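Notes for the one structure printed next.
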Amino acid sequence: MKSTSFTIQELKKLDSLNATFTGFLKLPKWTVATGAMLISGVQPVPPAISVPDEACQLSDPISPARPSQLQSARSVMKDWSECHEDEDGCSSEVPTEEEPISFLIWCEEEYRGSLRRPVFLDHFLVLAGFENATPVQQNVVARLLELEQHAAVERNRPPLVVEAQLPHDALLRPGFFSKRMVELVEDRKIRSPIASEIAEALDRTASTGPWRPLLVWGELLEMAGSGRFPALRLKGTNTIEIPGGSKRPWEPFTLTALQQWLNRNETHLLPKAVPSDDTDRS
């Protein structure tokens, strides 16, 4: 079999995506909305009861999901509902949660040979062990196996200089972003009515990596719903209201707005690491 050539960045992205898929498969339950979004290439945000108007791509969390992906997820939810309605068309007993494997089995049967087959369904089927689900599965399995071999080498390789620009140890210190935000606000480098709340959300997600917008957004939603953060109001399932101006006391704040805010302030919040000198001075 001809070997597939991957760049380092492609390997890292595919390896990360593989790990993301596996992580979702290990969950005991999926809401139907979660499953529909996952197999459609959309990153779900808790509580994932319905498909939101905007979200991120599963394969690229910093990019917004395409309208076709969101529509695909809605179609899966509609198909699920119609399939589980009783003979009278009543949807009151339609399951809203399902084990991942059971959901994938239903999807494989529902979309076998269909032109509307969700884009990431086959990838999830492969990782769940359905190697013979469709004729294209073997190529995907071979690619994943090759990827894993290359990725194992990459994981054991010392980091390149360009990969060590962020002071990860410092970033993972409890309260790093909150302390940093106080300095930035005092220096007027950052102005936002929810600067401290965003810093809190960044601190809560720092253990998973210093810059995960979707996870940060999930924390903000949870904070808004807790009632313990006066500057955050939960509006619906995927929108937050934050303090506005005199003409508009409260204004909406969405995932897209958060991503734009993080992009604008990344250079302030993520300072460059200071090169260390590990030379033996003895």
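Be aware that the sequence shown starts at 393, since it is given in the working numbering, and climbs by one per residue. Beta carbons are placed, not taken as given, at the ideal position from N, Cα and C, and that holds for glycine. In this text, all values refer to a predicted model and were calculated from it rather than measured experimentally.
Exercise for review: Measure the C-alpha to C-alpha separation of histidine 660 and glutamate 500 and round it to an integer number of angstroms.
Suggested key: Whole-angstrom Cα-Cα distance: 46 Å.
Review point. Looking at the structure shown, is lysine 639 part of a helix, part of a strand, or coil, going by DSSP?
Key: coil
Practice item. Compute the distance between the beta-carbons of tryptophan 653 and valine 437, then report whether it is under 8 Å. Key: No.
Check your understanding: So what's valine 437 in DSSP terms, helix, strand or just coil?
Key -> coil
Check your understanding: For proline 439, which of Val468, Arg583, Thr426 has the nearest alpha-carbon?
Key -> Thr426
Review point. How is the alpha helix (DSSP H) around lysine 470 delimited, first residue to last?
Key: 459-476
Exercise for review: Could you tell me which of Pro487, Glu474, Ile582, Leu462 sits nearest to phenylalanine 512, measuring between CA atoms?
Suggested key: Leu462
Check your understanding: Looking only at C-alpha atoms, which of Pro566, Arg565, Ile590 sits nearest to methionine 573?
Key -> Ile590
Exercise for review: Tell me, please, which residues DSSP counts as bridged to leucine 626.
Suggested key: Ile632
Exercise for review: Please report how far the alpha carbon of threonine 423 lies from the alpha carbon of glutamate 502, in whole angstroms.
Suggested key: 18 Å
Review point. Exposed or buried, what is glycine 433 when buried is set at 16 or more other beta-carbons lying within 10 Å of its beta-carbon?
Key: buried
Exercise for review: Indicate the three-state DSSP secondary structure (helix, strand or coil) for glutamate 489 in the structure shown.
Suggested key: strand
Point to revise | Buried versus exposed, by CB contacts within 10 Å (16 or more), leucine 507 | key: exposed
Review point. Taking the C-alpha atoms as reference points, what is the distance between leucine 430 and leucine 496?
Key: 11 Å
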